[in-house]
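Novice: Please find one structure pasted underneath; my questions will follow.
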Amino acid sequence: MDDNLETAYLAGGCTWIMQPLLGRPDGVVSTRTGFMGGDKADPNDRDCGSHAEVTQVVFDADRLSFRGLLEVFFQVHRPDLDAGVVGSQYRSEIFCTTSEQRTVAEEMIRDVDASGHWPGRTVTRVSEVAKFWPAPLEAQHYLARFPEGCTPPFPPRSAAVESAPASS
């Protein structure tokens with residue numbers, strides 16, 4: 344299985360919200376929050392410099408394609424909001440680990456724009472992967488530990504499963 348593992352780094356707003364959403368698809372092995380793409384050494388929640396908050400997603404490429412992961416990414420955040428509106432650390436950015444990821448990301452952005460799903464044009468940046476600065480342990484899986492910490496746009500996976508009607 345390890346031969347099929349890929350890593351993606353996706354920035355799409357607050358990682359407390361993005362981490363559980365990006366961890367949902369079948370094929371995701373693990374997620375971790377952190378910072379990438381900025382100029383500050385050792386960024387943190389109080390001072391991340393010009394870094395974006397990112398979610399590192401390790402996934403089994405035999406079960407989930409990078410495009411499939413990006414489909415989730417573009418459904419769970421607003422890729423049409425400029426960083427000047429949401430704040431630079433919450434910008435939309437895909438940090439590519441391979442040239443294939445870059446090609447898929449650029450194609451996906453064209454498809455998202457053509458879909459008309461979001462009211463504005465996609466401003467998501469596509470960049471080369473940079474140093475990943477993991478967030479501290481207390482920031483990892485924050486909403487799993489503190490469900491009232493902020494309001495996620497979707498119910499947690501366990502709540503969705505528990506509320507599903509029982510089959511007869």
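Each position in the sequence shown, counted from 1, maps to that position plus 343 in the numbering used here. Ideal Cβ positions, reconstructed from N, Cα and C, are used throughout, including at glycine.
(1) Which whole runs of the beta strand (DSSP E) in the region 400 to 460 are 3 residues long or more, in chain order?
(2) Could you please give me the residues that DSSP links to TRP476 through a beta bridge?
(3) Excluding sequence positions up to five away, which residues of its chain have a Cβ less than 8 Å from the Cβ of PHE475?
(4) What residue does the alpha helix (DSSP H) around ALA487 start on, and which one ends it?
(5) Less than 9 Å between the C-beta atoms of ALA395 and SER373, yes or no?
(6) With distances taken between CB atoms, is the gap from VAL455 to PHE417 smaller than 9 Å?
(7) Identify which residue in VAL419, TYR485 and GLU436 has its Cα closest to the Cα of ASP425.
(8) Please check the pair LEU348 and VAL401, which I expect to be a contact at CB under 8 Å, by giving their CB distance rounded to whole angstroms.
(9) Evaluate the contact criterion for the region 355 to 367 versus the region 484 to 494: three or more CB pairs, one atom per stretch, below 8 Å.
(10) Provide the residue(s) that pair with GLY355 in DSSP beta bridges, ordered along the chain.
(11) For ALA537, which three-state DSSP category applies?
(12) By the 10 Å Cβ neighbour count, where 16 or more other Cβ atoms means buried, how is PHE409 classified, buried or exposed?
(13) Do ARG375 and GLN444 have their C-beta atoms within less than 9 Å of each other?
Specialist: In this structure, then:
(1) 435 to 439
(2) Here residue 476 corresponds to residue number 133 of the sequence shown, with the count starting at 1. BP columns for TRP476 point to PHE378.
(3) For the purposes of this step, residue 475 is taken as the residue at position 132 of the sequence shown. Correct list, in chain order: TYR352, GLY377, PHE378, MET379, VAL397 and GLN399.
(4) Translated into the one-based positions of the sequence shown, residue 487 becomes position 144. 485 to 488 is the span of the alpha helix (DSSP H), which, as asked, contains ALA487.
(5) As a working mapping, residue 395 is identified with position 52 in the sequence shown. As a working mapping, residue 373 is identified with position 30 in the sequence shown. For ALA395 and SER373, no; Cβs fall outside 9 Å.
(6) Here residue 455 refers to the residue found at position 112 of the sequence shown. Here residue 417 refers to the residue found at position 74 of the sequence shown. Yes; because the gap between Cβ atoms is below 9 Å, this pair is in contact.
(7) In the sequence shown, counting from the first residue as 1, residue 425 sits at position 82. Ranking VAL419, TYR485 and GLU436 by Cα distance to ASP425 puts GLU436 first.
(8) Here the question's residue 348 lines up with position 5 in the sequence shown. Here the question's residue 401 lines up with position 58 in the sequence shown. Confirmed, about 6 Å.
(9) yes
(10) Looking up residue 355 in the sequence shown gives position 12. Per DSSP, SER435.
(11) Outside the displayed range of the chain (344 to 511) lies residue 537, so it cannot be described from this structure.
(12) Counted from its first residue, the sequence shown places residue 409 at position 66. Buried, by the Cβ-count rule.
(13) Counting from 1 along the sequence shown, the entry for residue 375 is found at position 32. Counting from 1 along the sequence shown, the entry for residue 444 is found at position 101. No, the pair does not count as a contact, with Cβ atoms beyond the cut-off.
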